[in-house]
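Its first residue numbered 783, the sequence shown is counted upward by one per residue in this note's numbering.
Note that beta-carbon positions come from the ideal geometry of N, C-alpha and C, so glycine has one too.
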Amino acid sequence: MDAPSAARATGGVTARTRPRAARLPDWAWAIALVVLGSVVSWFRIEAAARATLWAEDGTFFLGDALDADPVSVLLKPYQGYLHLVPRIIAGVAVAVVPVEGYAIAMTVGSCLVVGAVSAVVFLCARSVVVWLPARIALGALTFLAPAAGWEVLGNTANLHWYLLWLAPWLLLAAPRRRSTAILLGVVGLVAALTEIQMLLFLPLLAWRFRDPNRWIVGAGVLIGSALQVAALLLSPRDAGAETSPPFLSTVQGYLYHAPMEAVFPSRQWKAAWVLHFGWWGAALVLLPFLVALAWVLWRGVAVERIAGAALAAGSIVAWSAAYVLNSNPDFFYSETPVALAIHLHLTRYGVVPSLYLLALVVLATSVAVRAGEWSRTAVGVLVGVMVLTVVAAIIPQPSARAGGPDWASQIPPARNSCAVDDAPDRTAIAIAPDGWLVEMPCDRLAR
């Protein structure tokens, strides 16, 4: 990756403040992050969950790939949106993997994408973050994301959240070579064709808007976002709840799922904190992130300030958009007693907002090192952030699909049901959560 550092991007940082050249080139670190991110993601998933298909992964992405040519459904909308990456993974699984291995294949594909995103974040962040350890930390946050194990990690239906995490780094990247810009433009196109919320960060293209390479990168996101909007207009998503959540519920939900998700390594700790200290106690957890934002805005150069503001705003907007657009009165925190509200978890909505807040702290450490101020403190803070996220990743977390049903063990009975006289053309195979099914063609089971 040849994106220039924040120093080159702004012209306001002297050589004295730049970090010493790393012994390993960026591509070596990127490969390491791909491998480490994929492996860590795999082992963060419980064994039973790896072998279980989740919701849309089975019913729609695999189901559509089984019913038609997988290529023909790559841009088929579901609930108003395009889901290119999940459909690619499902298409590959159907084309090359035995039926018994579909669940494992979807899990493996999801883990590989997480590893790839971690590497792209690391490479793109070079345009903003001058301190190599901070960039490595940003890449690692991708696969150490707090609470990702409950529902987001290891299934393709939730891969779009990782692409939303990539968005600000991709749209601030400033590659020097045209070939690199084209490659990142393709990444942006694929990402935007999977995650409509990428368009939230399109205003970042105004930074260094005269740089043609940045517009090549942005063009991919622009085209993908335009196709997403067209899909939404032509194939609207199902209507949600008629009532919007109260503003206070949105705020309380954000506090519970963004700053607290970033700080507390388990649901139990998070719930205990709010139970003992109330919602004002939850607001206090936001304070370190506000300090980090203030430091970046005060001591940062232009691109660092833009990134800091984008991360802070993105954290709030990403949560609010998901919470309001998927309004559910059962999750109105302000209308629920605290003792009950602490058990209302919308974990998938909080993963990316919490990542943005953690990235703010990492960015603040890079600003300190670049400015030559509080460097030792910055090292300590960065180490603390990584220890916190590693601990959160190590502590066992429940998975929404840990209870099965195991996919492979259902294939022999499904084959038997297709082998009887007057057998139907299809047989239903159960997946998680309860009530979701894959309508498996019997001719596929006969192969």
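Sufficient close CB pairs (3 or more, under 8 angstroms) joining the stretch 1181-1193 to the stretch 928-937: yes
Name the DSSP beta bridge partners of glutamate 1221, please? Ala1210
Going by other Cβ atoms of all chains shown within 10 Å of its Cβ, with 16 needed for buried, is leucine 1191 buried or exposed? Per the sequence shown, the amino acid found at residue 1191 is serine instead of leucine. By the 10 Å Cβ count, serine 1191 comes out exposed.
To the nearest angstrom, how far is it from the Cα of isoleucine 918 to the Cα of isoleucine 1005? 30 angstroms
Determine the DSSP secondary structure at tryptophan 1101, reduced to helix, strand or coil. helix
Report yes or no: do the stretch 970-982 and the stretch 913-929 share at least 3 C-beta pairs separated by less than 8 angstroms? no
With threonine 1147 and tryptophan 913 assumed to form a contact (beta carbons below 8 angstroms), what rounded beta-carbon distance in angstroms separates them? 7 angstroms
Under a three-way DSSP split, which group does tryptophan 1051 fall into? helix
Mark phenylalanine 1029 as exposed unless 16 or more other C-beta atoms lie within 10 angstroms of its C-beta, in which case mark it buried. exposed
Following the continuous alpha helix (DSSP H) through glutamine 1034, name the residue where it begins and the one where it ends. 1029-1039
Secondary structure at alanine 803, three-state DSSP: helix, strand or coil? With a pLDDT of 44 at alanine 803, under the threshold of 50, the predicted position of this residue should be treated as unreliable, though the coordinate-derived value follows. The answer is coil: DSSP assigns alanine 803 none of H, G, I, E or B.
For glutamate 1117, which residues from the same chain have a beta carbon less than 6 angstroms from its beta carbon, with the 5 sequence-adjacent residues on both sides left out? none
Quick one: Cα of valine 1083 to Cα of valine 1173, how far? 32 angstroms
Keeping to the same chain, check which residues put their C-beta closer than 6 angstroms to that of isoleucine 1124; ignore five residues upstream and five downstream. Ala1053, Val1056, Leu1057
Between the CA atoms of aspartate 1188 and aspartate 1112 - distance to the nearest angstrom: 30 angstroms
How many Å lie between leucine 848 and serine 854 at the Cα? 11 angstroms
Starting from leucine 866, trace the alpha helix (DSSP H) in both directions and tell me its first and last residue. 866-878
Could you round the C-beta distance between tryptophan 1075 and alanine 1094 to whole angstroms and report it? I think they count as a contact, below 8 angstroms. Reading off the sequence shown, one finds leucine at residue 1075, where the question assumed tryptophan. Going by Cβ atoms, the distance from leucine 1075 to alanine 1094 rounds to 5 angstroms, so yes, they are a contact pair.
Report the three-state DSSP secondary structure of tryptophan 989 (helix, strand or coil). coil
Confirm, please, whether the CB-CB distance from serine 1007 to isoleucine 978 is below 8 angstroms. yes
Please check the pair glycine 1132 and alanine 1040, which I expect to be a contact at CB under 8 angstroms, by giving their CB distance rounded to whole angstroms. 6 angstroms
Nearest by alpha-carbon distance to alanine 1230: which of Ala1212, Asp1225, Ile1211, Gly1217 is it? Here the chain covers residues 783 to 1229 and nothing more, so residue 1230 does not appear.
Ignore the nearest five residues each way along the sequence and tell me which others in cysteine 906's own chain have a CB closer than 8 angstroms to its CB. Met783, Ala785, Leu948, Trp951, Leu952, Leu954, Ala955, Leu966
Quick one: what's got a C-beta closer than 6 angstroms to glycine 873's C-beta in the same chain, skipping five residues either side? Ala847, Pro852
Assuming alanine 1064 and tyrosine 1105 are in contact, meaning their beta carbons sit under 8 angstroms apart, how far apart are those beta carbons, in whole angstroms? 15 angstroms between Cβ atoms; not a contact.
Go ahead and pull the three-state DSSP assignment for tryptophan 1062. helix
Hey, quick one: how far does the alpha helix (DSSP H) through glutamate 933 stretch, first residue to last? 930-933
Could you give the uninterrupted runs of the alpha helix (DSSP H) lying entirely in the stretch 945-979, keeping only those of 4 residues or more? 960-974
By DSSP's criteria, tryptophan 836 is part of a beta bridge. Which residues make up the other side? Ala1214
By Cβ distance, which residues of its chain are closer than 7 angstroms to threonine 1209, with the 5 residues on each side in sequence left out? Ala1196, Ser1199, Cys1200, Met1222, Cys1224
According to the Cβ coordinates, are valine 1220 and glycine 891 closer than 8 angstroms? no
Checking 8 angstroms against the spacing of the C-beta atoms, do leucine 835 and tyrosine 884 come in under that value? yes
Give me, in chain order, the residues of the same chain whose beta-carbon lies closer than 6 angstroms to that of tyrosine 860; leave out the 5 immediate sequence neighbours on both sides. Phe842
Check for me: the alpha helix (DSSP H) holding arginine 1019 runs from which residue to which? Note, arginine 1019: premise wrong, no alpha helix (DSSP H); not H, not E.
Spatial distance of alanine 1021 from phenylalanine 1046 (CA atoms): 34 angstroms
With a Cβ-Cβ cutoff of 8 angstroms, do valine 1099 and glycine 1090 count as a contact? no
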